[in-house]
Amino acid sequence: MPWIFTAAAILLTAIGHVFYKIYALNGRLQFLILTAITFVLIPCFSFLALRELTIAQVYLCTAMVPILTTIGAKIFIKEKITKHHIIGLSLITIGTILYLYNSL
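Here is the structure:
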């Protein structure tokens with residue numbers, strides 16, 4: 013169950029970033045409100061995850077936020093992903109997996 017809370021916190025962070033980007037592009041207040049709601053919920057899910065996992069496990073998983081944010085921006089805002097994005101995101105993913113694999 014704590015991994016579900018961790019995933020929720022990470023997913024909400026990425027969604028919040030995408031909502032804020034949409035707000036910045038079109039200025040619609042509803043996206044600012046959605047951004048605020050997601051960023052209020054994130055600490056709640058993080059707290060629930062930290063009840064059973066270490067800080068290192070939970071917060072290292074936050075390295076996945078840029079990956080999810082980039083994918084979300086590509087899908088919802090049609091942002092361009094360059095080869096530099098892919099290289100950086102691949103390194104983040106590999107490092108996160110290696111660390112988490114050794115900590116389980």
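In this text, residue positions in the sequence shown follow the numbering used here: the first is 13, and each later residue adds one. Glycine included, C-beta positions come from ideal geometry on N, C-alpha and C.
Restricting to Cα atoms, I'd like to know which of H29, P78 and I16 is closest to I45. H29
If you run the structure through DSSP and keep just helix, strand and coil, what is L53? helix
From T47 to L41, what does the alpha carbon distance come to, in whole angstroms? 10 Å
Can I10 and K86 be called in contact, C-beta distance under 8 Å? The chain is shown only over 13 to 116; residue 10 falls outside these bounds and no answer can be derived.
Measuring alpha carbon to alpha carbon, tell me which residue in A61, M76, C56 and A19 is nearest I104. M76
Locate the alpha helix (DSSP H) running through K33, then write down its first and last residues. P14 to N38
When the distance is taken between beta carbons, is L112 closer than 8 Å to T82? no
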